[in-house]
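Quick note, the sequences are listed as chains A and B, same order. Residues in the first sequence are numbered consecutively from 811, following the numbering used here. Residues in the second sequence are numbered consecutively from 231, following the numbering used here.
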Amino acid sequence: MSFTILFFLAPIGVIVAWWLSRQRLMAKPWLDVSAIGEVPDTGASSSPAATVGLGVFLAVVSSLFALFISAYFMRMQVADWVQLPAPKLLWFNTGVLILSSVALQYAQVAARRGRIQDVGDGLIVGGLFALTFLVGQLYVWRQLNAAGYFLFTGVHGLHLLGGLVALGKTGDKVWRGFEVKPGALERAAVRSLVAFSACPLARLIQSPDAVGGRFRTSSVAGW
Amino acid sequence: MVDITIGAAGAIQPAEVKDVELYHPKSWVTKYVFSQDAKVIAVQYSITALSIGLVALVLSWMMRLQLAFPSSFSLIGPAEYLQFITMHGMIMVIYLLTALFLGGFGNYLIPLMVGARDMVFPYVNMLSYWVYLLAVLVLVASFFMPGGPTGAGWTLYPPQAILSGTPGQQWGIILMLSSLILFIIGFTMGGLNYVVTVLQARTRGMTMMRLPLTVWGILTATVLALLAFPALFVGSVMLLFDRVLGTSFFIPAVVELGQHLKYSGGSPLMFQHLFWFFGHPEVYIVAVPAFGIVSDLISTHARKNIFGYRMMVWAIVAIGALSFVVWAHHMYVSGMNPYFGFFFATTTLIIAIPTAIKVYNWVLTLWRGDIHLTVPMLFALSFIVTFVNGGLTGLFLGNVVVDVPLSDTMFVVAHFHMVMGMAPIFVIFGGIYHWYPKVTGRMLDEMLGKFHFWVTFLGAYLIYFPMHYLGLLGVPRRYFELGETAFVPQSATTLNIFITIAALTVGFAQMVFLFNLIWSLFKGKPAGSNPWRATTLEWQTPETPPGHGNWGKELPVVYRWAYDYSVPGAEQDFVPQNQPAIARAA
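Right, dumping it as structure tokens:
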């Protein structure tokens, strides 16, 4: 428990420390009175609030996944842990998920350069790959149906579905020719990064959820 | 960072917000019910939290009556007693303190204190309140389900939490866990708002080091909560699955009434880790906003700048960081490796350093100040005293060898009620007396306020000081009835009766407070825009109560820090943050 938690806390701590180091914590505010026209910069990020908000939300989500994973590791140490067969399809799914991330990344780069046509293409391809991944996961769940119950992959599936909703909204805007706000695309892009970084984890987690012990159930609950 | 002049291109936000960017309520419903205005949401949060807190208060009377007069009331049986304990603890810690500090004070004060028009995501902010309300209603519903609410104790330790010997096993525990999950979802929505508003929506000139400490406290607490609540979320989801779907995350092989249950291999200890990884930061989620608010109250009512502002900021951040590496000090008796215990005892005691810095700075702020013993000030002072008292017993319990014999006794109950029960609630009262004039435009009645203060403050000590003694005698916590024991003298019963009378009296004083809240709304003395002659931005709004968008046509500009009191040579004894320096000779 403690070690996985530390792995999670360390990067968060580094980010917080980095941010704090830029806030002039050594300043002596009691001496620092400004006259009209000499107001100091607030030090706020130049990114839109939505992007910063998404960054904070990602910290919350990674906290959630880190804790799920550390719980998994703890549970793995108990004697009755059953290792589950890992179907080949999982590797295919992982590959599809990476391709999805690459496509979304492509869309983001295109958006920066103002190539709206390519943005649309990237979003559609990325979305299709993500859908393929989810369908693939469903197949895996059905194959493994008899052998376990998947909480983590279920959470991950929900997470991706949420991402697809965001993607759909962004795609809709591009489709209708609206001017896409940088924030919205950033969101889609970060989602792709999250999906990407979650890949190895997903792979890891897709071994049995023996965290659930010897319980057997239909795959319905996974959703 | 260099100074930038207004009008230069760059990060400075426009003073006038375009009309379309502000959400405008169109009807009574969108203005007062489904409102996206942080000020309305703050009042909604506060009223809901105080209402559910009142339920928890009544539950504590029930427990006290049972402890003083065992088995005299047919209403309170052993099962009910455990249910009252559980619901009292959970409501007070999460649904009252957390929600009121962050949802109530956070929503009201952050936009006003940083000079913003509203939270950055008003719609999400509104959702946050409604999900919180739903969480409260789900919790309340458990009182009316067959079997009643859960009696698992506020820590909900498995396996007992979901086994049939525990009251509320049927529905109570399911609703409890569902309610917690909802609360965390709702809080996350609000928390994103609080953090991003502080980071991104500060007005021109408002650097982080010019923020009032209240905002630093709420910001740090929100970050802690955003990172710590997921642990409770994970624990709740898994425990819910264990209960509803029969998984074995936390439940080992159990024999119940001679029958093997279908569970096997789960780890109850894993739940304790998850719970306390949330549970300890939770103490600071409640304490750190209190630190911030109390700093501002003391500075304003002693007419003196806060002593060691930078140290105060560093200490808040340090306490926040340390609070993540002490969780296992709640688990000394769980059979952990002694080296592990040594590590956590050390980190626990290290927290005393930044905390002591804060206490010194408060005392040095008061030193030679022009202390006005107003009601908010009285509560702020009582916080310092109570927090120190409660913190000192924390040093006892933080040491493994002292904790082991005291564990699960009334000493622990007395300790945490002092340090995270009474101390933060004093700050909440102080904060309400201080900001009520801004929220409503009227002062709370001072006579009633002083009555409320003295009864609550003295009463708290009459309740909890004797309770430490009971704990040292070895009286265990959570026991419905002690019965005959070899080690607890008869006099303990008399002491219990005394504590109960004190508790009921303090409870009565809270009714006076509620009466004051409602009465002053209509009959209170008109407050004017800045009754305490305070420097921070929320007292400089063009209207009181502040109107929609907070600042009228133009956002304020901040020229100085938040604590310019009794400045030599100044016209008044305070200089508001939005008052520029006298222009230098050209």
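The beta carbon of each residue, even a glycine, is placed where N, CA and C say it ideally should be.
Residue burial classification, residue i (beta-carbon count within 10 angstroms, cutoff 16)
| i | result |
| --- | --- |
| T724(B) | exposed |
| G958(A) | At G958(A), the pLDDT of 42 sits below 50, so the modelled position is not reliable; the number obtained from the coordinates is stated separately. Buried is the call here. |
| E512(B) | buried |
| R473(B) | buried |
| I592(B) | Note on residue identity: the sequence assigns Trp, not Ile, to residue 592(B). Buried is the call here. |
| Q296(B) | buried |
| Y949(A) | exposed |
| G565(B) | exposed |
| H559(B) | buried |
| D794(B) | buried |
| H254(B) | exposed |
| N567(B) | exposed |
| A461(B) | buried |
| I662(B) | buried |
| D675(B) | buried |
| S831(A) | exposed |
| T576(B) | exposed |
| D600(B) | exposed |
| I583(B) | exposed |
Coil, strand or helix - residue i by DSSP
| i | result |
| --- | --- |
| E768(B) | helix |
| F804(B) | strand |
| Y793(B) | coil |
| A859(A) | helix |
| R672(B) | strand |
| Q833(A) | coil |
| G1023(A) | Note on G1023(A): pLDDT 35, under 50, position unreliable in the model; the coordinate value appears next. Of the three classes helix, strand and coil, the one that applies to G1023(A) here is coil, per DSSP. |
| H602(B) | coil |
| A346(B) | coil |
| Q489(B) | strand |
| A548(B) | helix |
| A854(A) | coil |
| P706(B) | strand |
| P761(B) | coil |
| P667(B) | helix |
| T623(B) | helix |
| T639(B) | strand |
| P696(B) | helix |
| A211(B) | With chain B covering only 231 through 816, there is no way to say anything about residue 211(B). |
| P756(B) | strand |
| A272(B) | helix |
| A920(A) | helix |
| A957(A) | Note that A957(A) scores a pLDDT of 40, beneath 50, so its modelled location is shaky; the value from the coordinates is reported in the next line. Residue state, collapsed to three classes: helix. |
| L811(B) | The amino acid occupying residue 811(B) in the given sequence is Ala; Leu does not appear at that position. If DSSP states are grouped into helix, strand and coil, A811(B) belongs with the strands. |
| A716(B) | coil |
| A532(B) | coil |
Residue-chain proximity (residue i, chain C), Cβ-Cβ < 8 Å
| i | result |
| --- | --- |
| V849(A) | Looking for chain C here will not work: the only protein chains present are A and B. |
Inter-stretch contact at 8 Å, needing at least 3 Cβ pairs: the region 332-339 of chain B / the region 348-364 of chain B: yes
Any 3 or more C-beta pairs closer than 8 Å across the region 409-416 of chain B and the region 389-398 of chain B: no
Three-pair Cβ contact test at 8 Å for the region 440-448 of chain B versus the region 942-950 of chain A: no
Chain B contacts from the region 970-986 of chain A (Cβ-Cβ distance under 8 Å): none
Uninterrupted alpha helix (DSSP H) stretches inside the region 416-486 of chain B (no shorter than 4 residues): 443-474
Short-range partners of chain A found in the region 527-550 of chain B, where Cβ spacing is below 8 Å: N535, Y539, R540, V543, W544, V547
The region 261-279 of chain B touching the region 293-305 of chain B, judged by at least three CB pairs closer than 8 Å: no
Residues from the region 260-292 of chain B in contact with chain A, defined by Cβ distance under 9 Å: none
Contacting positions in the region 833-847 of chain A - beta carbon closer than 8 Å to chain B: Q833, R834, L835, M836, A837, K838, P839, W840, D842, V843, S844, A845, I846, G847
Validate contact between the region 733-748 of chain B and the region 283-294 of chain B using beta carbons, cut 8 Å, 3 pairs: yes
The region 715-722 of chain B / the region 641-652 of chain B touching (three or more Cβ pairs under 8 Å): no
Residues from the region 434-461 of chain B in contact with chain A, defined by Cβ distance under 7 Å: R434, G435, M436, T437, M438, M439, R440, L456, L457, P460, A461
Members of the region 780-799 of chain B near chain A, C-beta cut-off 9 Å: V787, V788, Y789, R790, W791, A792, Y793, D794
Contacting positions in the region 746-775 of chain B - beta carbon closer than 9 Å to chain A: none
Cβ-based contacts, 7 Å cut-off: residues of the region 921-947 of chain A near chain B: none
Three-pair Cβ contact test at 8 Å for the region 755-764 of chain B versus the region 800-811 of chain B: yes
Residues in the region 905-918 of chain A having any Cβ partner in chain B nearer than 7 Å: none
contact_flag[the region 417-428 of chain B, the region 453-469 of chain B] where n(CB pairs < 8 Å) is 3 or more: yes
Selection of the region 411-434 of chain B by Cβ proximity to chain A, strictly under 9 Å: T418, G421, L422, N423, V425, V426, T427, L429, Q430, A431, R432, T433, R434
Cβ pair count under 8 Å reaching 3, the region 739-748 of chain B against the region 701-713 of chain B: no
Contacting positions in the region 871-886 of chain A - beta carbon closer than 7 Å to chain B: S873, L874, L877, F878, A881, M884, R885
Contact the region 270-281 of chain B vs the region 335-345 of chain B: 3+ CB pairs below 8 Å: yes
Contact between the region 827-847 of chain A and the region 394-406 of chain B (3+ Cβ pairs under 8 Å): no
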